[in-house]
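Colleague: Chain order of the listed sequences is D and G.
Residues 3 to 110 (this note's numbering) are what the first sequence spells out, left to right.
Residues 68 to 275 (this note's numbering) are what the second sequence spells out, left to right.
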Amino acid sequence: MVKELISEYIRSRMEKLNYGTEYYIEFRHLVLQPGQHKDIEAYNDLMVLVEPVEGVNIKSDFGMFDLSFDRIDELQYVHQGFISIHNYSPSLNHVQFVQVTPILKSKK
Amino acid sequence: MKRARLIIKEVQVTKQGEIKNFQIKLPKNVQRVIAIDTDVRIDSRIDGFATGGIRPAPKLEEKPMFDSIPIGSDGARSAPFLSWTLQKNPVAGKLKLKSMERTYIFYEEWLHFILFNGGIPDMSMGMFARSPISLNKNRIPKKVDVPVSTTIVNGIYEDTLGKFLQQDITYTIKVFVWVETEEENDGVVFDFQDNKITTEKKETEQHG
Numbered sequence: 003m004v005k006e007l008i009s010e011y012i013r014s015r016m017e018k019l020n021y022g023t024e025y026y027i028e029f030r031h032l033v034l035q036p037g038q039h040k041d042i043e044a045y046n047d048l049m050v051l052v053e054p055v056e057g058v059n060i061k062s063d064f065g066m067f068d069l070s071f072d073r074i075d076e077l078q079y080v081h082q083g084f085i086s087i088h089n090y091s092p093s094l095n096h097v098q099f100v101q102v103t104p105i106l107k108s109k110k
Numbered sequence: 068m069k070r071a072r073l074i075i076k077e078v079q080v081t082k083q084g085e086i087k088n089f090q091i092k093l094p095k096n097v098q099r100v101i102a103i104d105t106d107v108r109i110d111s112r113i114d115g116f117a118t119g120g121i122r123p124a125p126k127l128e129e130k131p132m133f134d135s136i137p138i139g140s141d142g143a144r145s146a147p148f149l150s151w152t153l154q155k156n157p158v159a160g161k162l163k164l165k166s167m168e169r170t171y172i173f174y175e176e177w178l179h180f181i182l183f184n185g186g187i188p189d190m191s192m193g194m195f196a197r198s199p200i201s202l203n204k205n206r207i208p209k210k211v212d213v214p215v216s217t218t219i220v221n222g223i224y225e226d227t228l229g230k231f232l233q234q235d236i237t238y239t240i241k242v243f244v245w246v247e248t249e250e251e252n253d254g255v256v257f258d259f260q261d262n263k264i265t266t267e268k269k270e271t272e273q274h275g
């Protein structure tokens, strides 16, 4: 996803979801060893993939991102809930996410 | 009560383990999604999963899809002669639906093929042909209540049947989305519609 678009997407998406500006943004840069599998429990956080990565499979309930997978008709850049990340390439890989955490209304 | 309308979306699956993303476009006068129904239509041949008996007896040279009965060294099946055969409805895959203005998935279901007389034991013990008339019940739309202000429902479907059988099976899934629109009711009220107004009216009539 184009980096300028990400900030605009997050802003408008959170506004539409009635969070307004009540959310935190965190940058997550994951370093995955060859064959490494990593799970992220994101719950209601939005995990926005910053740029396409080759050799990595990112899967959640909301879809999948895998440039080599030929049995999917659309790749998902925004994930939520339980996210499973697998680096199946024989080399080290970097995956960058922007994590958007809404502030709970009861905590305000 | 508002008028209910039906939107149908067809998605074809052709490869094993295929993931299909799709969008269901709703009419612009939509107010809420009130019920979801699904159907699966097979386009290529598939056998039912048979367990628990010797009927239908697959030929020995054909490998059965799911064989719970071990075959002895002499080729004979070590199952009792008179036993029932139960045909199961195979799971095709998982469907998820998500409204654009919500973050969560509001509908999730494992879809099944409905085979004729699936789930009914073969009482004839294989001596007579099974009735071609299906004893399956009709499907009933599952009630949901999702107010919508956008006209798109996002869907994702993941095939598990082809993955399990390790072969490409072509089939079409149908998603029936029942929506309530701004139009006034024309007198037709479905079971899954909120009949609050009707009951309120009846109560007033009774008290009045």
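C-beta: ideal position from N, C-alpha, C; glycine also.
If you're wondering where the values come from, they're calculated on a predicted model, not measured in any experiment.
1. Hey, is I42/D's beta-carbon within less than 8 Å of any beta-carbon in chain G?
2. Return yes when the Cβ of F243/G is within less than 8 Å of the Cβ of T81/G, no when it is not.
3. Among residues of its own chain, excluding the 5 on either side of E225/G, which ones have a beta-carbon nearer than 7 Å to its beta-carbon?
4. So, with DSSP's three-state summary, where would you put R15/D?
5. DSSP on F133/G, reduced to helix/strand/coil?
6. Does the beta carbon of E251/G come closer than 8 Å to any beta carbon on chain D?
7. Can you confirm whether N46/D, when its beta carbon is compared against all beta carbons of chain G, has any partner nearer than 8 Å?
8. Quick one: is Q234/G buried, meaning 16 or more other Cβ sit within 10 Å of its Cβ, or exposed?
9. For G222/G, does the three-state DSSP call read helix, strand or coil?
10. How would you call N46/D, buried or exposed, if buried means at least 16 neighbouring beta carbons within 10 angstroms?
11. What separation, rounded to the nearest whole angstrom, lies between the Cα atoms of R72/G and L69/D?
12. Looking at the structure shown, is G83/D part of a helix, part of a strand, or coil, going by DSSP?
13. So E77/G and T239/G are in contact, right, with Cβ under 8 Å, and what is the actual spacing, rounded?
14. Straight-line CA distance for V213/G to S111/G?
15. For H136/D and E53/D, what's the separation of their Cα atoms in angstroms?
16. Check each candidate in S93/D, R73/D, D63/D and name the one with the smallest Cα separation from Q83/G.
17. DSSP puts R30/D in a beta bridge; with which residues?
18. Skipping 5 residues on each side, what residues in its chain have a beta carbon closer than 7 Å to that of T266/G?
19. Tell me where the alpha helix (DSSP H) around K82/G begins and ends.
20. For M66/D, collect the residues of the same chain with a Cβ closer than 8 Å to its Cβ; drop the 5 residues on either side in sequence, then sort them by chain order.
21. Grab the span of the beta strand (DSSP E) containing L162/G for me, first residue to last.
22. S216/G by DSSP, collapsed to three states: which one?
23. Under 7 Å Cβ to Cβ from E43/D, same chain only, skipping five residues before and after it: list those, please.
24. Show which residues of chain D have a CB atom less than 8 Å away from the CB atom of G84/G.
25. How far does the alpha helix (DSSP H) with K230/G in it reach, from first residue to last?
26. For the beta strand (DSSP E) holding I101/G, just list the boundary residues, first then last.
27. Could you tell me the distance, in whole angstroms, from the CA atom of W245/G to the CA atom of Q35/D?
28. Quick one: which residues of the segment 162-183 of chain G get their C-beta closer than 9 Å to a C-beta of chain D? List them in chain order.
29. Is the beta carbon of R70/G less than 8 Å from the beta carbon of E250/G?
30. Alpha carbon to alpha carbon, what distance is there between P157/G and E10/D?
31. Are F64/D and H81/D touching if we call contact CB-CB under 8 Å?
Modeller: With the given structure in hand:
1. no
2. no
3. I86, G160, K161
4. helix
5. Caution applies to F133/G, whose pLDDT of 46 falls short of 50 and renders its modelled position unreliable; the value that the coordinates give is listed next. The answer is coil: DSSP assigns F133/G none of H, G, I, E or B.
6. no
7. yes
8. exposed
9. strand
10. exposed
11. 39 Å
12. coil
13. 6 Å
14. 35 Å
15. As shown, chain D starts at 3 and ends at 110. That puts residue 136/D outside it, with no answer to give.
16. R73/D
17. F99/D
18. Legend: pLDDT at T266/G = 48, less than 50; position of this residue unreliable, no value from coordinates given.
19. K82/G -> no alpha helix (DSSP H), and no H or E assigned at all.
20. N59, I60, I74, L77, Q78
21. 158-166
22. coil
23. F84
24. R73
25. 228-232
26. 97-109
27. 47 Å
28. K163, K165, M167, E168, R169, T170, Y171, I172, E175
29. yes
30. 44 Å
31. yes
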